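One structure is given below, encoded as structure tokens.
Below, the structure is given as structure tokens:
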């Protein structure tokens with residue numbers, strides 16, 4: 010499979026400072042996977058099994074921490090990724106932090122306060138469903154604070170993430186890239202299925218009307234906050250199977266790169282002594 | 010299958026005030042499942058699929074909350090239950106709270122402080138891996154506070170759980186019942202497998218030496234804190250497949266009993282209007 014030669018995922022990784030024009034990136038692409046959809050599903054399942062095992066080692070080692078940031082427009086698949094990519098993984102080692110409209114108490118603090126409280130501890134994987142990036146996205150598009158305030162946040166975020174990385178957190182950020190047509194179709198799917206209507210929020214149509222402003226805000230995020238220590242990946246997300254395969258691949262590669270070691274075992278003498286204690290009862 | 014007639018799980022549910030003698034309860038029992046181990050594994054898998062669907066409805070409804078408390082001696086299978094029973098469930102709706110040795114900040118507060126902070130919110134399932142019950146178990150056995158203090162906690166806990174239940178939390182508590190021989194075997198399995206040695210903690214042998222005191226403390230917990238609003242189940246846990254089947258069955262029955270309704274959908278007029286807005290772009 011070509012996908013294993015070199016690293017096709019590098020295509021989706023944003024280089025620091027790279028200029029991004031989302032209109033030029035095809036959200037329907039499935040280019041890095043050489044094969045049919047069914048093969049991709051099978052490959053993703055295998056990656057899921059690897060992820061499960063790597064998570065167990067991460068948990069056992071109790072040293073590294075992994076932070077996964079998911080961002081994207083409504084219906085882009087943030088919930089779907091959590092369900093599909095992480096569902097097989099032991100819930101004890103994976104935590105999801107969903108950042109919704111801030112509460113009054115949260116608004117009484119700086120925007121990174123509620124974020125910092127949720128970063129992963131040793132051995133833990135934490136998934137951010139939305140994140141501090143909303144404070145340079147929705148906050149910017151709706152002019153909730155002046156540009157002088159949100160404008161300096163890119164650098165603040167880079168410094169914050171750098172500190173986390175220096176302290177041992179692996180950070181991977183995924184922008185789920187869909188287009189207007191795909192979003193329309195997904196809204197219609199929700200409206201047309203009574204079992205899915207609860208997922209549809211009329212307010213989402215107002216956000217959709219601001220699509221261009223959001224894309225511009227996302228381009229700035231991607232250009233200014235993709236760093237060596239906390240890279241952004243732009244994931245073509247019109248096709249769910251492809252989106253899941255890309256993210257699973259990046260996660261498994263990143264965890265493998267940590268070269269996780271199981272904690273030191275006991276010496277033969279120690280082991281024998283514990284066995285003897287049990288036998289002597 | 011006989012197991013579906015009446016409710017065999019009632020056998021394991023402790024009646025309020027019931028006298029418990031753990032020595033009289035067989036931890037190796039598999040009595041409520043009429044069939045072979047393989048059939049039980051298949052049945053558990055079906056229950057897992059049901060649990061997955063019920064969790065999604067719980068999350069969508071955003072009303073009920075489920076608190077699952079897991080207690081048991083070392084190696085009794087608390088981690089195993091989390092992995093096996095909940096692994097297929099969407100991590101976004103399930104959260105695990107593990108209560109270890111309290112931190113200095115936690116010790117500066119009452120014993121329910123750290124517990125209260127972790128109870129489930131609407132639509133959420135939270136699993137307590139150990140819990141406030143440690144404050145009448147390890148705390149009692151090691152005499153960390155005088156009897157006058159731990160002795161009044163049973164009633165305090167009942168009041169606390171009653172408040173939670175009144176406010177809409179469904180509470181299910183499971184004591185994973187194994188015997189000394191089974192624990193010895195599981196310790197040896199850990200010692201004999203280098204990939205599992207990290208799970209063995211030499212301090213566990215000291216706790217094992219206090220087995221009788223712990224069993225007595227558990228009997229008091231089961232007798233005094235199994236209430237109509239927060240019942241205890243004594244789960245025969247020597248056989249992992251049986252333990253998982255029992256807990257899955259109780260969980261699925263409890264969630265079904267909530268008669269979870271999906272949130273109200275839009276009227277036909279509303280749906281048509283949203284469709285029109287999308288079409289008119």
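Protein chains in written order, with the working numbering: chain A, 10 to 290; chain B, 10 to 290. For glycine and all other residues, C-beta sits at the position ideal for the given N, C-alpha and C. Model, not experiment: these values are computed from the prediction.
Does chain A have any CB closer than 7 Å to the CB of residue 196 of chain B?
Position 187 of the second chain, counted from the first residue, corresponds to residue 196 of chain B. Yes - at least one Cβ of chain A is within 7 Å of the one on residue 196 of chain B.
Complete runs of the beta strand (DSSP E) confined to the segment 235 to 271 of chain B [at least 3 residues]
Within the segment 235 to 271 of chain B, the complete beta strand (DSSP E) segments of 3 residues or longer fall at 241 to 245, listed in chain order.
Identify which residue in A:228, A:191, A:65 and A:239 has its Cα closest to the Cα of residue 246 of chain A.
Residue mapping note: residue 246 of chain A aligns to position 237 of the first chain, counting from 1. Cα-wise, what sits closest to residue 246 of chain A is A:191.
Since residue 196 of chain B is in the beta strand (DSSP E), which residue starts that stretch and which ends it?
Here the question's residue 196 of chain B lines up with position 187 in the second chain. Premise fails: residue 196 of chain B lies in the alpha helix (DSSP H), 189 to 201, not in any beta strand (DSSP E).
Any chain B beta carbon closer than 7 Å to residue 280 of chain A:
Against the first chain, residue 280 of chain A aligns to sequence position 271. Chain B has a Cβ within less than 7 Å of the Cβ of residue 280 of chain A.
On the criterion of 16 or more Cβ atoms from any shown chain inside 10 Å, does residue 172 of chain A qualify as buried, or is it exposed?
By 1-based counting over the first chain, the position of residue 172 of chain A is 163. Under this definition residue 172 of chain A is an exposed residue.
Is the segment 250 to 270 of chain A close to the segment 174 to 193 of chain A, with three or more CB pairs under 8 Å?
They touch, by the three-pair rule.
My assumption, with CB atoms under 8 Å, is that residue 135 of chain A sits in contact with residue 161 of chain A. Please give the rounded CB distance.
Taking the first chain and counting its residues from 1, the one referred to as residue 135 of chain A is at position 126. Taking the first chain and counting its residues from 1, the one referred to as residue 161 of chain A is at position 152. With a Cβ gap of about 26 Å, residue 135 of chain A and residue 161 of chain A do not count as contacting.
Interface partners of residue 104 of chain B on chain A, CB under 9 Å:
Along the second chain, one-based indexing puts residue 104 of chain B at 95. Correct list: 100, 104 and 105.
Excluding the five sequence neighbours on either side, which residues of its own chain have a C-beta within less than 8 Å of the C-beta of residue 13 of chain B, listed in chain order?
In the second chain, residue 13 of chain B corresponds to position 4, counting from 1. With a pLDDT of only 41 at residue 13 of chain B, under the threshold of 50, the placement of this residue in the model should not be trusted, and no figure is reported.
Please determine if the segment 63 to 77 of chain B and the segment 19 to 35 of chain B are in contact, where contact requires at least 3 C-beta pairs separated by less than 8 Å.
Between the segment 63 to 77 of chain B and the segment 19 to 35 of chain B, the count of Cβ pairs shorter than 8 Å is below three; the stretches do not touch.
Can you list, in chain order, the residues of its chain whose CB lies under 6 Å from that of residue 37 of chain A, leaving out five sequence neighbours each side?
What you label residue 37 of chain A is simply residue 28 of the first chain in a count that begins at 1. Cβ neighbours of residue 37 of chain A beyond the five flanking positions: 247.
Does the Cβ of residue 281 of chain B have 16 or more other Cβ atoms within 10 Å, making it buried, or fewer, making it exposed?
Translated into the one-based positions of the second chain, residue 281 of chain B becomes position 272. Only exposed fits residue 281 of chain B, as fewer than 16 other CB atoms lie within 10 angstroms of its CB.
I need the boundaries of the alpha helix (DSSP H) containing residue 128 of chain B, first residue and last residue.
As a position in the second chain, residue 128 of chain B is number 119, starting the count at 1. Residue 128 of chain B -> no alpha helix (DSSP H), and no H or E assigned at all.
Host alpha helix (DSSP H) of residue 46 of chain B (start-end):
The count along the second chain starts at 1 and reaches residue 46 of chain B at position 37. If you look at residue 46 of chain B, you'll find it in the alpha helix (DSSP H) that goes 46 to 70.
Which residues in chain B sit within 7 Å of residue 204 of chain A, going by Cβ to Cβ distance?
Position 195 of the first chain, counting from 1, holds the residue named residue 204 of chain A. Within chain B, the residues whose beta carbon sits less than 7 Å from that of residue 204 of chain A are 271, listed in sequence order.
Cα-Cα separation between residue 211 of chain A and residue 286 of chain B, rounded to whole angstroms
Working through the first chain from its first residue, we reach residue 211 of chain A at position 202. Working through the second chain from its first residue, we reach residue 286 of chain B at position 277. If you take the alpha carbons of residue 211 of chain A and residue 286 of chain B, they lie about 10 Å apart.
Using a beta-carbon distance below 7 Å, is residue 165 of chain A in contact with chain B?
As a first step, residue 165 of chain A must be located in the first chain, where it is residue number 156. No, because no Cβ of chain B sits closer than 7 Å to the Cβ of residue 165 of chain A.
Is residue 180 of chain A helix, strand or coil by DSSP?
What you label residue 180 of chain A is simply residue 171 of the first chain in a count that begins at 1. If DSSP states are grouped into helix, strand and coil, residue 180 of chain A belongs with the strands.
Which of helix, strand or coil does DSSP assign to residue 151 of chain B?
Locating residue 151 of chain B in the second chain gives position 142, counting from the first residue. DSSP places residue 151 of chain B in the coil class of the three-state scheme, outside both helix and strand.
C-alpha distance - residue 11 of chain B paired with residue 258 of chain B, whole-angstrom precision:
In the second chain, the residue the question calls residue 11 of chain B occupies position 2. In the second chain, the residue the question calls residue 258 of chain B occupies position 249. Because the pLDDT of residue 11 of chain B is 39, which lies under 50, any placement of that residue in the model is unreliable, and the number read from its coordinates should be weighed accordingly. Approximately 14 Å between the Cα atoms of the pair.
Suppose the cutoff is 6 Å on Cβ atoms and the five residues either side in sequence are ignored; what does the same chain contact list for residue 127 of chain B look like?
Position 118 of the second chain, counting from 1, holds the residue named residue 127 of chain B. Leaving aside the five residues that flank residue 127 of chain B on each side, the residues in its chain whose CB is nearer than 6 Å to its CB run, in chain order, 106.
Could you compute how far the alpha carbon of residue 79 of chain B sits from the alpha carbon of residue 94 of chain A?
Within the second chain, numbered from 1, the residue matching residue 79 of chain B stands at position 70. Within the first chain, numbered from 1, the residue matching residue 94 of chain A stands at position 85. Near 27 Å, if we compare the C-alpha coordinates of residue 94 of chain A and residue 79 of chain B.
Neighbourhood of residue 139 of chain A by C-beta distance below 8 Å, restricted to the same chain and skipping five residues each side
Sequence index remark: in the first chain, residue 139 of chain A carries index 130 (1-based). Excluding positions up to five away in sequence, the list reads 79, 80, 87, 107, 108 and 109.
Taking only the alpha-carbon atoms, compute the straight-line gap between residue 102 of chain B and residue 77 of chain A and give it to the nearest angstrom.
Within the second chain, residue 102 of chain B is the residue found at index 93, counting from 1. Within the first chain, residue 77 of chain A is the residue found at index 68, counting from 1. Residue 102 of chain B and residue 77 of chain A have their C-alpha atoms some 17 Å from each other.
Against chain B, does residue 199 of chain A count as a neighbour if the rule is that its beta carbon must be under 7 Å from one of theirs?
Here the question's residue 199 of chain A lines up with position 190 in the first chain. Judged by the 7 Å Cβ criterion, residue 199 of chain A is not in contact with chain B.
Leaving aside the five residues before and after residue 196 of chain A along the sequence, list all residues of the same chain whose C-beta is less than 6 Å from its C-beta, in chain order.
By one-based count along the first chain, residue 196 of chain A stands at place 187. The beta carbon of residue 196 of chain A is closer than 6 Å to none in its chain, skipping five residues each way along the sequence.
In this structure, how does DSSP classify residue 118 of chain A when only helix, strand and coil are distinguished?
By one-based count along the first chain, residue 118 of chain A stands at place 109. Note: residue 118 of chain A maps to coil in three-state DSSP.
Check: residue 41 of chain A C-beta below 6 Å from any heavy atom of the ligand ADP:
Judged by which ligands are present, the structure shown has none, so any question about the ligand ADP falls away.
By Cβ distance below 7 Å, which residues in the same chain neighbour residue 224 of chain B in space, the five residues on each side in sequence not counted?
Looking up residue 224 of chain B in the second chain gives position 215. Once the five neighbours on either side are set aside, the close Cβ partners of residue 224 of chain B are 31.
Whether residue 169 of chain A touches residue 121 of chain A by CB criterion (7 Å):
For the purposes of this step, residue 169 of chain A is taken as residue 160 along the first chain, with counting starting at 1. For the purposes of this step, residue 121 of chain A is taken as residue 112 along the first chain, with counting starting at 1. Yes, Cβ-Cβ distance for residue 169 of chain A and residue 121 of chain A is below 7 Å.
C-beta contact flag for residue 84 of chain B and residue 167 of chain B at 7 Å
Residue numbering aside, residue 84 of chain B sits at position 75 when the second chain is read from its first letter. Residue numbering aside, residue 167 of chain B sits at position 158 when the second chain is read from its first letter. Taking 7 Å as the Cβ cut-off, residue 84 of chain B and residue 167 of chain B do not qualify as a contacting pair.
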